[in-house]
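> According to our numbering, the sequence shown is numbered sequentially starting from 7.
Every residue, glycine too, gets a C-beta built ideally from N, C-alpha and C.
Owing to the predicted nature of the structure, the values given are computational and were not obtained by experimental measurement.
One structure, pasted below without further comment.
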Amino acid sequence: MDMYFKKFEHRTPPEPVPHSIPRELLYQYLATCNLTLGMWYLWWRWTYALNMDALWFSLPLAFAESCAFIGSILFTINMWKTKDEPKKTPPSNINQCVRDCEEDRPVSVDVFFPSYDEEPDLVRLSIEDAQKITYPSEIDMKIFILDDGKRTSMKALAEEMGVGYITREGNVGFKAGNLRNAMEQTYGDFVVICDADTRPFSTILEHTLGYFRDPDVAWVQTPQWFFDLPEGVRLPKWLSTKLGNWAAPLGRGIEKVYGPVTFGQDPFVNDPQMFYDVIQRRRNWVNAAFCCGAGSIHRREAVMEAALRAYAEQITNEQQDVEKQIRKLTKEKSVDQSVSENLRNEILFDTEFTPYKFHVSEDLYTSIVLHSDSQRNWRSIMHPDVESKMLSPQDLQTWTVQRFKYSGGSIDIFMNDNPIFRKGLNLKQKLMYGGSFWSNLSAVWNIVFLACPIIYFLTSIAPVSAYDVTFYLHFLPYVLTAEIAMMIGTWGVAGYKGKTNFLSFFPVNMRALWTVLRGRKISFPTTPKERQTGNFAKLVAPQMAVFFLSLFSLGFAWYGHYFGGWGSYSEGGLVLNTFWIINNMLAMWGMIAAAFWEPPKEDTADKAAVSETEDLKYEV
């Protein structure tokens, strides 16, 4: 395991994108123009551009475009501006972090490393880096391994390294239960949440604890950085490997015209910079950046206090529901006081208090609870600088399980405890959380966007009244301003791969949505830290079907048009749908290629033994 890490130790994280007020103002102008043009386009689309002879085809596309436009509105609100929290001097005493505190002692911090079945050697590296954490003044820092696997090897590691070891009898609540159990046995003012493979930088506390000088700051999230992402192979080397040395000059010539071309670079689009440096960072201005688990620092007081309020709210809601059922049965206006008190006591006895919600997305759920605590008005801060490094998923099976968990957990929260209707959140926070929810529903209309050009090419039936000049005058300004605004708004962070990955993600997203709608629980798998071997083609069967059906329909339509064999295609319809379907195919191809991607041979030789099973063995 140590040999695997050594190949990447020289890498340094990307710097946060510098904030530019002129660029921000330009984005706001372009985004406003785009939304205005979007409303104009959709009004025209619904009132004048429906194909009345094929409403079965035209209405779903208009619906999908409308849903996508709602997503654009929510995304624009998220992207509106950057408001980084000013950095403050790290506190030297606890009375600098809380109100009305008479204690005179150093700040105390607990660093948690939850683990279930990860290798002790992996956790060892994380502990070694945690022990190198520095602070400009005296600090009481304790490191704990939270071992849900109850392994003697992990306990021996903790003893060897002089860190705390905490375990428990069962695995109730999984990671959330593991954290709850540790919170009950530790006393730090602040808690640093890590994963087993999170290797914190020595500056993590020095750069983040200063935010807690504001007693209303509940937690600080730092960006996650996968420092082992494949760097890929440049085109000249790739051609020389496949075709021989004679092909390398050809590759260099292509790159002189087109620019750098890299194969195998981050095949699973794991790079989280877009999410942390753009999406999360720009939620600071409305106090809506949510916790993402690893790399976050929590104020213990905030977690416990919000949990107590949520616990009381849960008891009250359950009591009201039961009393409502009793009144329906007895036909009485109220429940007897003694019965009500006994009922509340019984609910108190049956309901377990927990500072972290027992949920697959406990970090997101805890964020909603804290943000909605109107009595304290807790704040969250997205710290812009990377303060730790982690391992990335190295195969499509691991990636799929992880994305399914993220998507399903988010959908489950919004279906069963929707923050949009939760008291305590302000309108802007509700819109931010609503944007996260809406994006997880996108597979529904993405399927329409994937199917439309295929249907047009196979049937020559247009989903609009006509692909004429009027259509392009409404459509092109809307689409072009959207692309330009996106480019300006995400300046400094590559976004094309993320957009295509978002489109090709539809099978996993749909499966997560269907799982939640059927009332089934999203499982709690831990992410394997080693590459899984096997054939992952079955995981991309839907993407392969879309790709090859798109390719066939593209050839079918152009052949039929030019040789007059079938169809009544318009030139405008053929051109637009050709660009559309090629974009869809490129999106599908990225996911298909990821299924068959393997690390370069020189990398696999240095790795420790990889798993020899196709099945994921890491379900809790």
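DSSP on Y171, reduced to helix/strand/coil?
It is a strand residue.
> Among K337, E324, D369, which residue has its Cα nearest to the Cα of R350?
Nearest option by C-alpha distance: E324.
> Can you list, in chain order, the residues of its chain with a C-beta nearer than 8 angstroms to that of Q326? Leave out the 5 residues immediately preceding and following it.
Cβ within range, chain order: n/a, list empty.
> Throw me the rounded Cβ distance for the E393 and T140 pair, which I believe falls under 8 angstroms.
That pair is no contact at about 12 angstroms.
> Near W225, which residues of its chain fall below 6 angstroms by C-beta distance, leaving aside the five closest residues on each side in sequence?
Here the set comprises C297, S302, H304, S386.
> For R205 versus S132, is the C-beta distance shorter than 8 angstroms?
Contact: yes.
> Starting from the Cα of G498, find the closest Cα among K13, F11, S26, R17 and give me that residue.
When each option's Cα is compared against that of G498, the closest is S26.
> Classify Y462 as buried or exposed, calling it buried when 16 or more other Cβ atoms lie within 10 Å of its own Cβ.
So Y462 ends up on the buried side.
> Got a sec, what are the start and stop residues for the beta strand (DSSP E) V522 sits in?
Here V522 belongs to no beta strand (DSSP E); instead the alpha helix (DSSP H) covers 512-523.
> Roughly how many angstroms lie between the CA atoms of D110 and D195, to the nearest whole one?
Cα to Cα, the separation comes out at about 13 angstroms.
> Can F118 and A202 be called in contact, C-beta distance under 8 angstroms?
Their beta carbons are not under 8 angstroms apart, which means F118 does not touch A202 by this criterion.
> Based on DSSP bridge pairs, tell me the residues matched to L131.
L131 is not bridged to any residue.
> When the Cα atoms are used, what is the spatial distance from Y371 to I419?
About 7 angstroms.
> Could you check whether L545 and A4 sit closer than 8 angstroms to each other, using their CB atoms as the reference points?
This structure does not reach residue 4, given that the chain is present from 7 up to 626, and the question cannot be answered.
> Report the rounded CA-to-CA distance for S121 versus A547, giving the unit in angstroms.
Approximately 33 angstroms, taken between the alpha carbons.
> By Cβ distance, which residues of its chain are closer than 6 angstroms to D154, with the 5 residues on each side in sequence left out?
So the list reads Y122, N177, N184, once near-sequence residues are dropped.
> Going by beta carbon distance, what residues of the same chain come within less than 7 angstroms of L397, once the five residues before and after it are set aside?
Here the set comprises D203, F232, D234, K535.
> By the 10 Å Cβ neighbour count, where 16 or more other Cβ atoms means buried, how is F558 classified, buried or exposed?
Result: exposed.
> Give the single residue among T209, P513, D222 whose Cα lies nearest to the Cα of S413.
Looking at the Cα atoms, P513 is the closest of the given residues.
> Taking Cβ to Cβ, would you say I598 is nearer than 8 angstroms to L560?
No, they are not a contact pair.
> Could you spell out where the alpha helix (DSSP H) holding K148 opens and where it closes?
It is not in any alpha helix (DSSP H) - K148 instead sits in the beta strand (DSSP E) that spans 146-153.
> For a test of the three-state rule: what should DSSP assign to L431, helix, strand or coil?
DSSP places L431 in coil when its eight states are reduced to three.
> Give me the DSSP bridge partner(s) of Q227.
For Q227, which the question treats as bridged, DSSP gives the partners S302, M388.
> In this structure, how does DSSP classify M493 when only helix, strand and coil are distinguished?
DSSP places M493 in helix when its eight states are reduced to three.
> Which residues does DSSP pair with R333 in a beta bridge?
Paired residue(s): none; R333 is not in a bridge.
> Tell me which residue opens and which closes the alpha helix (DSSP H) that S143 is part of.
Careful: S143 lies outside any alpha helix (DSSP H) and carries neither H nor E.
> Does the region 421-432 come close enough to the region 53-65 to have 3 or more Cβ pairs within less than 8 angstroms?
Touching, no, given that fewer than three Cβ pairs across the two stretches are closer than 8 angstroms.
> Quick check on E124: buried or exposed, where buried means 16 or more other Cβ atoms within 10 Å of its Cβ?
Buried, because 16 or more other Cβ atoms sit within 10 Å of the Cβ of E124.
> When DSSP labels each residue in this structure, what does K436 get in the three-state scheme?
Residue state, collapsed to three classes: helix.
> Can you give me the start and stop residues for the alpha helix (DSSP H) that F75 sits inside?
F75 -> alpha helix (DSSP H) spans 61-85.
> Which residue marks the beginning of the alpha helix (DSSP H) containing V375, and which one marks its end?
Here the alpha helix (DSSP H) through V375 covers 368-377.
> To which residues does DSSP link A116 through a beta bridge?
It is Asp, not Ala, that sits at residue 116 in the sequence shown. The partner list for D116 (beta bridge, DSSP) reads K148, V197.
> Which word fits C107, buried or exposed, when buried means at least 16 other C-beta atoms lie within 10 angstroms of its C-beta?
Result: exposed.
> So, at 8 angstroms on beta carbons, what are the nonlocal neighbours of Y300 in its own chain, with the 5 sequence-adjacent residues on each side left out?
In the sequence on display, residue 300 carries Ala and not Tyr. Cβ within range, chain order: I199, C200, D201, T204, Q230, S394, M396.
> What residues match up with P206 in a beta bridge as DSSP calls it?
P206 is bridged to S394.
> Would DSSP call L235 helix, strand or coil?
The answer is coil: DSSP assigns L235 none of H, G, I, E or B.
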